[in-house]
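Worksheet: one structure, shown below.
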Amino acid sequence: MKHTLAVLVENKPGVLTRVAGLFARRGYNIESLAVGPTENPSVSRMTIVVEGDDHTIEQVCKQLHKLIDVIKLSDITQDPHVGRELVLIKVNAEPHVRGEIMQIVEVFRARIVDIARDSLIVEATGDEDKINAIEAALRPFGIRELARTGKIALVRGSRGKVLEADLSEQENVSQTG
Amino acid sequence: MAIGDCGAKSKLTGSQIIIKALQEEGVDTVFGYPGGAVLPLYDELYGAKIRHILTRHEQGAVHAADGYARVSGRPGVCIATSGPGATNLITGITNAFMDSVPLVVLTGQVGVGMIGRDSFQEADITGITMPITKHNFLVRDVNELAGIMHEAFYIATTGRPGPVVVDIPKDITTQTAVVERYPPPLNLRGYRVCREPHPLQILQAARSIARAERPLLFAGGGVITSGAHEELKALAEKQDIPVIITMMGKGAFPEDHPLFVGMVGMHGTVAANYAVGECDLLIGIGVRFDDRVTGKLDKFASKARIIHIDIDAAEIGKNVPAHIPIVGDARLALRALLDNLPRPAVHPDWRARIRAWQEEHPLHYDRNCGLKPQWVIEELHRLTGGEAIVSTDVGQHQMWAVQYYPVKRPRSFISSGGLGAMGFGVPAAMGAQLARPEATVVAITGDGSFQMNSQELATISFYRLPVKIILLDNGYLGMVRQWQEFFFDRRYSYSDLAAGNPDFVKLAEAYGVPAVRVTEVSQLTEALETALEHKGPFLVDVKVDREENVLPMVPPGAHLREMIVGG
Ligand SMILES: Cc1ncc(C[n+]2csc(CCOP(=O)(O)OP(=O)(O)O)c2C)c(N)n1
Ligand SMILES: [Mg+2]
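Chain order of the listed sequences is A and B.
Under the working numbering, read the first sequence as residues 1 to 177, first letter to last.
Under the working numbering, read the second sequence as residues 1001 to 1567, first letter to last.
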C-alpha cells in the first residue's frame, strides 16, 4: 500500500541526500519525493510517497526518525489531508485538434500555458487520480514531454498549527537541554 | 595561543578551537596520522596537553580509538588528513558503527573554496560516510566549529552510541572565531533520546516474567554500553532466570555464574541454542537479532513470547517481532523491572533441563593430539586468571577466544562483531592498553588477520605498549578453509597462507618486539608465561593444529537446532 509521509527537516545542505540515501540503501521504494522551504526558513518540508507493507513503513519511519536532521515526521495516509501534484504536459496539437484538447483542459480545470505551432503545454494540479486521468485523456494526441512534481500534502484542519507549536517547543527544549 | 585583542573577547583559530573542545570534552588521548590538510591542527597539537598516538596506518588509528572507547566507555577520537587519509578510515568507522561504539573522527578537507573541484587529495568524506556514521558534519564556517564539536561528542555518546565524522576544511583551521564559552548550546531539535522506558510496557513485561515457566535472559552489547550488568545479574538471580549472550554481550554477565548458559548463535553452545528454542519467554536486552545469532528466523524462539528492550526504537521489530517492545536505556528498564517484580521466583525444572543440555553437550575438542588452538586459549585463561583484557581479530581464533576465554566483567573482551573486520585485533589492543595502562592486554589474532595491520608493531614498539600478541598460526585463512571443508568439498581455494607467511618471530623482532615460536605442546606454557611476565610487548607465534574446526556450528541459514556438533 502507498503511504504519504509528511517530514519536516533541517533546511541544510545534504539533507535530501541523507533521506534519499537511506531509502536506497535499505531498499525502500520511493514513489515520489517533493521538497521545498516552509514558512520557517530553517525548516524544509518533504512529502514522501512510499510503497510498502505495514512492517516496511514502520521501519521507514523509524529509520527516518533516526536521522539527526529529521525534526518531525508523520504518516498522514489515514489522516484527512489535501494532497496535490502539479503536472506539465507538452502535447501534440495540430490546429484541427486544438478545440478537442481545449475541451479536455476545461473539464479537468487545467490550463494552457504555452502555445507553439503544433503543440501546447497544459498545466494541471490535483490529486494523483486526476493527474493520471488527464494524462490518459491527452495521450491519444501524442504526449511529447511530461513533468510531474510528485505529491505535496497538508493535513486538513488545525493540526498543522500543533505541528508548528511542537516544533518551537522542541527548539526550546534543545536550547535548554 | 589566544590572540588577545586588548580586553576584547579573545579569538581562537579553528585548530585552537578543536584542541579546546577536545580538552573540554575530557579527551586525554587521540590517535592519528598527519597530512597536508591537517597540518595547522597538528601544529597546534605539538605541545598541547593531549596525548597523540601516531599509528602507522589510519586504519590502525581508528581501530585503536575504537578499542580505547570499548574498554574505557569514553568516546574514542582519531584524526586523519583529507583524501587518502580519510578513506583509509572507512573500515574502522563502519566497524564502530556496526558495534555502536562512540567515536569522534576528525578529517581534514581541502579549503572551502576548493571543495567540489576534484582538488588534490579531495574526497567527499561526508558523502562517503553517510551510511556508516550516526551523523556527520562538514564545517563551512569557523564560527560553527565549536558548536559542531560539541554536537559531535553529544551525538556520538548519547542514545545508541556511534561514530560521528567532522570534516574540517584546511582554511577553517586557520581562520579565527570568538568562542564565548564551551560547550556552546546544542542545536539539535531533530535528535531526541528516549531513555525512560514506558511504565505500562514495563508492567506488562514484569507480568510476563512473573508468569513465565521457562524464561530466558538474552543480553547483548547494549547491556555493556548502558552499564546495566549489575541490574542484569540482580534480575537473573532474583527471578532465577538463565542467561544467554551474544558475542557483543560477552562480559555483560559473569560466565562462571551458575545461571550462565553460553553464547547463542552460529558458534554458540548447544545448551544456549536449545534454550532459545525451548524457552517460553525471551527477554532480549540491547540485542539486534543479527542473522549470525538467530539462524533461520522462522523457528527462532518459536515457542516464546519476546520482550525486546533497546534504546534504538528502529531495532525493535526489525528482524524479529516483539510481543512487548520497550524503548529505553537498558539499565533504567532493568531497574524498573526489578521494582515491579518484588517476589523472587524459582524455575528448577527449566534450570535442570538446561543443565542437562550443558552436561550432555559441553564445548569440547580432542586434547590428546597436537597443539590445539583451543588449548592455547585455555592456557592463556589459566595463566591470566581470566583477568586479562582480550581483543581478538576475526576468524576461527576469534570464536575459540569467545568459547575458551570466559570473562567476568564488562569491557574486558572486545571484538569486531557486526562487521567482522580482520585487522581489528592488534590496533584495538593498543587502544585498550592506553585506556587501561595497568591491565594485561592480550590480542588473540590469526596469521591472516595479523597481516592486515602488522605495521602497528611499530606503534606498539615506539610507545612501549606492553600488549601481548598471541598468534594462532594455522597457515590458513582458517575460517574460510573451514567453510570450504564443510560446504565446498574441501576445495581450499586461495585460503592457504602457509607458503607466503613471513617468519612472524623475525618480523616482530625487526620492530623491536621480542617474540618466540611454539611448535610443540611442551613449549606453550613456558612461552605464554614468558610473554605475560615480560614488561613490554611480546609476540607468541603458536603453530597450531592446521585443520582444527570451530564447533558447534549452525550452518548459515539453518535453524539453531541444526548444529554440526562434531565427534
Ligand atoms: C577484512 C576482511 N577480509 C576478509 C574477511 C573474510 N574472512 C573471515 S575470517 C577469514 C580468515 C581469517 O584468517 P586468520 O586471521 O588467519 O584467522 P583463522 O580463521 O585462521 O583463525 C577471512 C578471510 C574478513 N572477515 N575481513
Ligand atoms: Mg589463520
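Just so it is clear, CB atoms sit at the ideal spot from N, CA and C, and this is done for glycine as well.
Since we're looking at a predicted model, the values are computed, not measured.
| Whose CA, out of A:T56, A:I134 and A:A147, lies closest to the CA of A:I101? | For this step, residue 101 of chain A is matched to residue 101 along the first sequence. The residue with the shortest Cα to Cα distance from A:I101 is A:I134.
| field | Cross-strand partners of B:L1472 (DSSP beta bridge) | value | Residue numbering aside, residue 1472 of chain B sits at position 472 when the second sequence is read from its first letter. Per DSSP, B:G1446 and B:V1542.
| field | B:L1012 in three-state terms, based on DSSP | value | Taking the second sequence and counting its residues from 1, the one referred to as residue 1012 of chain B is at position 12. Strand, per DSSP.
| B:T1091: beta carbon under 8 Å from a heavy atom of ligand 1? | Walking along the second sequence from the start, residue 1091 of chain B turns up at place 91. B:T1091: yes, Cβ under 8 Å from ligand 1.
| Whole-number beta carbon distance between B:D1503 and B:G1475, since they are thought to touch under 8 Å | Walking along the second sequence from the start, residue 1475 of chain B turns up at place 475. Walking along the second sequence from the start, residue 1503 of chain B turns up at place 503. Wrong, their Cβ atoms sit about 13 Å apart, outside the cutoff.
| task | Quick one: grab the DSSP three-state call for B:K1020. | result | If you number the second sequence from 1, residue 1020 of chain B lands on position 20. The answer is helix: DSSP assigns B:K1020 an H, G or I state.
| When the Cα atoms are used, what is the spatial distance from B:E1485 to B:M1479? | What you label residue 1485 of chain B is simply residue 485 of the second sequence in a count that begins at 1. What you label residue 1479 of chain B is simply residue 479 of the second sequence in a count that begins at 1. Distance between the alpha carbons of B:E1485 and B:M1479 is about 10 Å.
| request: May I ask you to report which of helix, strand or coil DSSP gives A:E31? | output: The residue you call residue 31 of chain A lines up with position 31 of the first sequence. DSSP places A:E31 in strand when its eight states are reduced to three.
| field | Identity of the residues DSSP links to B:G1103 by a beta bridge | value | Here residue 1103 of chain B refers to the residue found at position 103 when the second sequence is read from its first residue. Sequence inspection shows Leu at residue 1103 of chain B; the Gly mentioned does not correspond to that position. In the DSSP output, where bridge partners are listed per residue, B:L1103 has B:G1076 and B:P1163.
| Buried or exposed (CB count within 10 angstroms, at least 16 for buried), A:M1 | Locating residue 1 of chain A in the first sequence gives position 1, where the first residue counts as 1. A:M1 should be labelled exposed.
| request: Label B:G1446 either buried or exposed according to how many other C-beta atoms from any shown protein chain fall within 10 Å of its C-beta, with 16 as the threshold for buried. | output: Taking the second sequence and counting its residues from 1, one reaches residue 1446 of chain B at position 446. Classification of B:G1446: buried, given that the 10 Å Cβ count is 16 or more.
| Under a three-way DSSP split, which group does B:C1006 fall into? | For the purposes of this step, residue 1006 of chain B is taken as residue 6 along the second sequence, with counting starting at 1. Note on B:C1006: pLDDT 44, under 50, position unreliable in the model; no value is reported.
| Can you give the beta carbon distance from B:D1280 to B:E1213, rounded, assuming they're within the 8 Å contact cut? | For the purposes of this step, residue 1280 of chain B is taken as the residue at position 280 of the second sequence. For the purposes of this step, residue 1213 of chain B is taken as the residue at position 213 of the second sequence. Going by Cβ atoms, the distance from B:D1280 to B:E1213 rounds to 6 Å, so yes, they are a contact pair.
| Of all the CB atoms in chain B, is at least one closer than 9 Å to the CB of A:Q78? | The residue you call residue 78 of chain A lines up with position 78 of the first sequence. No, no contact with chain B.
| said: I need the straight-line Cα distance from B:V1565 to B:P1552, nearest angstrom please. | reply: Here the question's residue 1565 of chain B lines up with position 565 in the second sequence. Here the question's residue 1552 of chain B lines up with position 552 in the second sequence. Their Cα atoms are separated by approximately 5 Å.
| In the DSSP assignment, what are the bridge partners of A:K72? | Indexing the first sequence from 1 puts residue 72 of chain A at position 72. Answer is A:L8, bridged to A:K72.
| message | Please identify, using Cβ separations under 7 Å, the residues of the stretch 1183–1195 of chain B that lie next to chain A, in order along the chain. | response | P1185, L1186, N1187, L1188, R1189, G1190 and Y1191
| task | State yes or no: is the beta carbon of B:H1559 nearer than 9 Å to at least one beta carbon in chain A? | result | For the purposes of this step, residue 1559 of chain B is taken as the residue at position 559 of the second sequence. So, not an interface residue.
| Counting contacts by CB-CB distance shorter than 9 Å, is B:P1362 in contact with chain A? | On the second sequence, position 362 is the one that residue 1362 of chain B refers to. No, because no Cβ of chain A sits closer than 9 Å to the Cβ of B:P1362.
| query | Taking 9 Å as the CB-CB limit, is A:V162 close to chain B? | reply | Translated into positions along the first sequence, residue 162 of chain A becomes position 162. The predicted position of A:V162 is uncertain, since its pLDDT is 42 and thus under 50; a value taken from the coordinates is nonetheless stated next. So no, A:V162 is outside the interface.
| task | Return the residues of the stretch 1310–1326 of chain B that lie within a Cβ-Cβ distance of less than 9 Å from chain A, sorted by chain order. | result | D1312, A1313, A1314, E1315, I1316, G1317, K1318 and P1321
| task | Classify B:T1246 as helix, strand or coil using the three-state DSSP reduction. | result | Mapped onto the second sequence, residue 1246 of chain B falls at position 246. Coil.
| Straight-line gap, A:L138 to A:R84 (C-alpha atoms, nearest Å) | On the first sequence, position 138 is the one that residue 138 of chain A refers to. On the first sequence, position 84 is the one that residue 84 of chain A refers to. In a straight line, the C-alpha of A:L138 is about 20 Å away from that of A:R84.
| query | Does the distance from the C-beta atom of B:V1550 to that of B:G1370 stay below 9 Å? | reply | As a working note, residue 1550 of chain B is residue 550 in the second sequence. As a working note, residue 1370 of chain B is residue 370 in the second sequence. Cβ atoms of B:V1550 and B:G1370: not closer than 9 Å.
| query | If you compare alpha carbons, which of B:R1335, B:P1075, B:V1441 and B:A1429 is closest to B:P1199? | reply | Here the question's residue 1199 of chain B lines up with position 199 in the second sequence. The residue with the shortest Cα to Cα distance from B:P1199 is B:R1335.
| How many Å lie between B:I1311 and B:P1161 at the Cα? | In the second sequence, counting from the first residue as 1, residue 1311 of chain B sits at position 311. In the second sequence, counting from the first residue as 1, residue 1161 of chain B sits at position 161. Between B:I1311 and B:P1161, the C-alpha separation is close to 10 Å.
| query | Which runs of the beta strand (DSSP E) spanning at least 3 residues fall entirely within the stretch 1105–1159 of chain B, listed in chain order? | reply | 1135–1138
| task | Report the rounded CA-to-CA distance for B:M1098 versus B:G1418, giving the unit in angstroms. | result | As a first step, residue 1098 of chain B is located in the second sequence; it is residue number 98 there, counting from the start. As a first step, residue 1418 of chain B is located in the second sequence; it is residue number 418 there, counting from the start. C-alpha separation (whole angstroms): 5 Å.
| query | Could you give the distance in angstroms between the alpha-carbon of B:H1057 and the alpha-carbon of B:P1427? | reply | One-based indexing of the second sequence puts residue 1057 of chain B at position 57. One-based indexing of the second sequence puts residue 1427 of chain B at position 427. If you take the alpha carbons of B:H1057 and B:P1427, they lie about 10 Å apart.
| So is the beta-carbon of B:D1448 under 8 Å away from any non-hydrogen atom of ligand 1? | Numbered from 1 along the second sequence, position 448 holds the residue referred to as residue 1448 of chain B. Note on identity: in this sequence residue 1448 of chain B is Gly, with Asp being the wrong assignment. Indeed, a heavy atom of ligand 1 lies less than 8 Å from the Cβ.
| field | Residue range of the beta strand (DSSP E) that includes A:L86 | value | Residue numbering aside, residue 86 of chain A sits at position 86 when the first sequence is read from its first letter. Element bounds for A:L86: H81 to N92.
| What did DSSP end up calling B:R1192 once you bin it into helix, strand or coil? | Locating residue 1192 of chain B in the second sequence gives position 192, counting from the first residue. It is coil, neither helix nor strand.
| query | Under 9 Å between the Cβ atoms of B:F1031 and B:G1060? | reply | Mapped onto the second sequence, residue 1031 of chain B falls at position 31. Mapped onto the second sequence, residue 1060 of chain B falls at position 60. In this structure, B:G1060 lies closer than 9 Å to B:F1031 by Cβ.
| said: Suppose only complete runs of 4+ residues qualify. What are the alpha helix (DSSP H) ranges in the stretch 1225–1283 of chain B, listed by chain order? | reply: 1229–1239 and 1270–1278
| So, B:D1171 versus B:G1113, is the Cβ gap smaller than 9 Å? | The residue given as residue 1171 of chain B occupies position 171 in the second sequence. The residue given as residue 1113 of chain B occupies position 113 in the second sequence. Going by C-beta atoms, B:D1171 is nearer than 9 Å to B:G1113.
| query | In the stretch 1028–1057 of chain B, which residue ranges form an unbroken alpha helix (DSSP H) of at least 4 residues, counting only runs that do not cross its ends? | reply | 1039–1045
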